[in-house]
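Chemist:
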Amino acid sequence: MSNTTIFDKIISREIDAEIVYEDDIALAFKDINPQAPVHLLIIPKKPIATINDIAEDDRELVGHLFVVARKIARQHGFAKDGYRVVMNCNEDGGQSVYHIHLHLLAGQTLGWPPYANSAPKQVG
Ligand code: 5GP
6 MSNTTIFDKI
16 ISREIDAEIV
26 YEDDIALAFK
36 DINPQAPVHL
46 LIIPKKPIAT
56 INDIAEDDRE
66 LVGHLFVVAR
76 KIARQHGFAK
86 DGYRVVMNCN
96 EDGGQSVYHI
106 HLHLLAGQTL
116 GWPPYANSAP
126 KQVG
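In structure tokens, the structure reads:
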């Protein structure tokens, strides 16, 4: 599977996004189709297609995405009220862009559980 996605074009500024945070390792920007008053995507600059493709050596990088989430939550003032971070994997997880990303959702009380209108299937 090719790792080239729309997110690579956001990293290289080939296409625009509303970027809210950037460092050497990660980038965070507003989701184009927000599902909450605050809906940001936090991505590593290194292209990793799915959670299944995370290597042992990527531990620090993946942990860094959560550190960025924590920093943004504090800076944007919703750390205390709360928020949700989600990473979808493959089709059943609802992944549509194959470059790992944390969804950071905030700004309202979020519903749980997150699934709807699907029948469970046998796993394991
Ligand atoms: P996934 O479904 O893979 O977990 O999440 C992908 C997210 O990327 C979706 O929430 C979708 O709205 C967002 N997205 C897709 N294309 C673009 C784009 O070109 N720009 C921005 N800012 N977000 C995008």
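Quick note on numbering: my numbering labels position 29 of the sequence shown as 34, and the sequence is numbered without any gaps.
We put the beta carbon where it would ideally sit given N, CA and C, even for glycine.
None of the values given here were measured: they were computed from a predicted structure.
(1) Does the ligand 5GP have a heavy atom nearer than 7 angstroms to the CB of residue 37?
(2) Under 7 angstroms from any heavy atom of the ligand 5GP, does the C-beta of residue 101 make it?
(3) For residue 27, report the span of its beta strand (DSSP E) as first-last.
(4) For the 8 angstroms Cβ check, are there 3 or more pairs between the segment 42-51 and the segment 109-120?
(5) How far does the alpha helix (DSSP H) with residue 66 in it extend, from its first residue to its last?
(6) Would DSSP call residue 6 helix, strand or coil?
(7) Could you check what DSSP says for residue 12 in three-state terms: helix, strand or coil?
Modeler: Reading it off the structure:
(1) Taking the sequence shown and counting its residues from 1, the one referred to as residue 37 is at position 32. It does: the Cβ of residue 37 is within 7 angstroms (strictly closer) of some heavy atom of the ligand 5GP.
(2) Taking the sequence shown and counting its residues from 1, one reaches residue 101 at position 96. Residue 101: yes, Cβ under 7 angstroms from the ligand 5GP.
(3) As a working note, residue 27 is residue 22 in the sequence shown. Segment 24-27, the beta strand (DSSP E) holding residue 27.
(4) yes
(5) Within the sequence shown, numbered from 1, the residue matching residue 66 stands at position 61. Note, residue 66: alpha helix (DSSP H), 64-80.
(6) On the sequence shown, residue 6 is found 1 positions in, with the first residue counted as 1. The predicted model places residue 6 with a pLDDT of 48, which falls under 50 and marks its position as unreliable; any figure quoted below should be read in that light. Three-state result, residue 6: coil.
(7) Here residue 12 refers to the residue found at position 7 of the sequence shown. Residue state, collapsed to three classes: helix.
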